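Let me begin by presenting the structure, written as structure tokens, before commenting on it.
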Amino acid sequence: MMRALWTASTGMTAQQLNVDNISNNLANVNTIGYKKSRAEFKDLLYETLERDTIRNGEGKPVSVQVGHGVRTSAITKFFTTGNLEQTSNPYDLAIDGNGFFVVMGPNGEELYTKDGSFKISVDEDTTRLVTSDGYFVQGDMGDIELGMDVKQVMIDEAGIITVKRTDDTLEEIGALTIVTFANPAGLESVGSNFYKATGASGEAVDTENDGSGGKVLQGFLEYSNVQIVEEMVKLIQAQRAYEINSKSIQTADEMLSLANNLRR
1 MMRALWTAST
11 GMTAQQLNVD
21 NISNNLANVN
31 TIGYKKSRAE
41 FKDLLYETLE
51 RDTIRNGEGK
61 PVSVQVGHGV
71 RTSAITKFFT
81 TGNLEQTSNP
91 YDLAIDGNGF
101 FVVMGPNGEE
111 LYTKDGSFKI
121 SVDEDTTRLV
131 TSDGYFVQGD
141 MGDIELGMDV
151 KQVMIDEAGI
161 ITVKRTDDTL
171 EEIGALTIVT
181 FANPAGLESV
191 GSNFYKATGA
201 SGEAVDTEND
211 GSGGKVLQGF
221 LEYSNVQIVE
231 EMVKLIQAQR
241 AYEINSKSIQ
251 TADEMLSLAN
261 NLRR
């Protein structure tokens, strides 16, 4: 069986995954806090048909090696800051920097997000800051409780939260927890704009509102960092690479057909 059939099939499989990844980027072009990803590839093992035979400065200087195709080595996320758009909603927050908001997941585990489209949830005698899924946003004192009789919520660039009551009194209730990671590309995506820490990402580092995680912008949202034109160019490249690999399979098939039809 010709090696080209299997080699080209690995190329088609790799480019299919590449298109899947690009499609996901394009599908999330308007997703708040989404970070684009890129598929990366490595070549497979090589079969050495002849080795170099240099002795005393004479002989064949190069070997004869044939590769066996390609494999996907990684899909890497890029955590560059996306477009910041003003909404004027006091519960919309964006981080202009590399920090993440912290929320408490349904199983009591911390989740991390760049999606700051928060809401308030009224629970008997208090109100809390929550995500669209109802998960509690975390601050330096745990769940962020705004209390009752809330007239206005003010959050400064350091994440300090001040509430103006209906009687116009001001009360500082704490601060948002902003964390960073040594290797954010190692975070595990769990859907709904949330990430989990892994051994590759390292533990979350609480910035303690010192500004190292970036500035908190109230009334803004950070949209995805996907560039449509860039993704469309990559899509065309992936499509053409897939097509040329299919041509390699067709060519190998035609060569086998010619060999099968040889007559003495």
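If you count the sequence shown from 1, position 188 lands on 188 in the UniProt record's numbering, and the numbers rise without skipping. Note that CB positions come from ideal geometry on N, CA and C, so glycine has one too. All values reported here derive from a predicted model rather than from experimental measurement.
- Per the coordinates, the alpha-carbon of Asp167 lies some 49 Å from the alpha-carbon of Gly199.
- Of the other Cβ atoms in all chains shown, fewer than 16 fall within 10 Å of the Cβ of Lys60; this residue is therefore exposed.
- Less than 8 Å separates the beta-carbon of Phe79 from that of Pro184.
- Glu203 carries a coil assignment under DSSP once its states are collapsed to helix, strand and coil.
- Residue nearest to Met2 within the set Val66, Asn25 and Gly147 is Val66 (criterion: CA-CA distance).
- DSSP places Tyr195 within a strand segment (E or B) once states are collapsed to three.
- Looking from the CA of Asn209, the closest CA among Tyr112, Val153, Glu157 and Leu45 belongs to Glu157.
- If you look at Ala94, you'll find it in the beta strand (DSSP E) that goes Leu93 to Asp96.
- For Lys114 against Tyr91, the beta-carbon gap comes to about 16 Å, at or over 8 Å, which does not count as contact.
- Cβ-Cβ distances below 6 Å link Met141 to Gly174 in the same chain, with the five nearest sequence neighbours on each side left out; the list follows chain order.
- For Leu217, the uninterrupted beta strand (DSSP E) run begins and ends at Lys215 to Gln218, by DSSP.
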